[in-house]
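Visitor: Just so we're aligned, residue 3 is where the sequence shown starts under our numbering, counting upward by one.
Every residue, glycine too, gets a C-beta built ideally from N, C-alpha and C.
Since the model is a prediction, treat every value here as computed from it, not as a measurement.
Right, I'll just put the structure down here and ask away after.
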Amino acid sequence: MQSQFRGGPWDGVSIDAPFLPDQVCLQTLDAEFSYEPGRVAGRLTDLAIRLPEEAWRLAQPAGFAWSPQGISVEGLSMRSARGEILLDGTLSPAGEQNLALRVKQLNLAMLSALIRPKAGLKGTVSADVKIAGTAAAP
Numbered sequence: 003m004q005s006q007f008r009g010g011p012w013d014g015v016s017i018d019a020p021f022l023p024d025q026v027c028l029q030t031l032d033a034e035f036s037y038e039p040g041r042v043a044g045r046l047t048d049l050a051i052r053l054p055e056e057a058w059r060l061a062q063p064a065g066f067a068w069s070p071q072g073i074s075v076e077g078l079s080m081r082s083a084r085g086e087i088l089l090d091g092t093l094s095p096a097g098e099q100n101l102a103l104r105v106k107q108l109n110l111a112m113l114s115a116l117i118r119p120k121a122g123l124k125g126t127v128s129a130d131v132k133i134a135g136t137a138a139a140p
């Protein structure tokens with residue numbers, strides 16, 4: 003595994019890790035971010051995850067931000083040979099919610115490998131999820 007920190011102490015990070023058979027592996031993570039008291043924001047420019055049966059890659063750069071007011075993701079698009087995950091919007095502990103998630107042909111065995119390897123999930127799922135309204139009444 004190789005890692006590199008660019009610029010200031012927390013200006014950006016790049017990690018490359020080789021694929022290990024039969025394991026979940028973060029192959030590449032490249033992000034630029036900034037920190038101010040109470041806020042972290044940045045841009046994810048490369049992400050590759052290798053699973054035993056499938057590889058996922060970031061399709062385009064995506065923005066992200068976190069603060070006590072909420073979490074936002076802008077244009078996150080992950081793709082594999084068979085599927086796609088799109089995430090865009092904002093979630094807030096108090097205030098407006100506006101988050102869209104689209105999943106196309108997500109291999110459930112992948113979810114099993116990530117969260118519960120012995121669950122034995124099989125098949126695929128496609129869904130469109132929209133969270134809107136306020137935190138008190140989503």
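Under 8 angstroms by Cβ, that's how I've got A50 and Q29 pegged, so tell me the actual separation to the nearest angstrom.
Guide: If you number the sequence shown from 1, residue 50 lands on position 48. If you number the sequence shown from 1, residue 29 lands on position 27. Correct: roughly 4 angstroms between the Cβ atoms.
Visitor: I need the DSSP call for A64, collapsed to helix, strand or coil.
Guide: Translated into the one-based positions of the sequence shown, residue 64 becomes position 62. It is a strand residue.
Visitor: Go ahead and label D32 buried or exposed: buried means 16 or more other beta carbons lie within 10 angstroms of its beta carbon, across all protein chains shown.
Guide: Numbered from its first residue, the sequence shown carries residue 32 at position 30. Per the 10 Å Cβ criterion, buried.
Visitor: Whose CA, out of P54, N100, G85, G40, lies closest to the CA of A137?
Guide: On the sequence shown, residue 137 is found 135 positions in, with the first residue counted as 1. Selected option, being the one with the closest Cα: N100.
Visitor: Just the C-alpha distance for L108 and L60, rounded to the nearest angstrom, thanks.
Guide: Position 106 of the sequence shown holds residue 108. Position 58 of the sequence shown holds residue 60. Looking at the two C-alpha atoms, the distance is approximately 15 angstroms.
Visitor: Quick one: what does DSSP say A33 is sitting in, helix, strand or coil?
Guide: Locating residue 33 in the sequence shown gives position 31, counting from the first residue. It is a strand residue.
Visitor: What does L89 pair with, by DSSP beta-bridge criteria?
Guide: Counting from 1 along the sequence shown, the entry for residue 89 is found at position 87. The partner list for L89 (beta bridge, DSSP) reads L78, L103.
Visitor: How would you label S82, buried or exposed, when you count the other beta carbons within 10 angstroms and need 16 or more for buried?
Guide: In the sequence shown, the residue the question calls residue 82 occupies position 80. Counting Cβ neighbours within 10 Å, S82 comes out buried, since at least 16 surround it.
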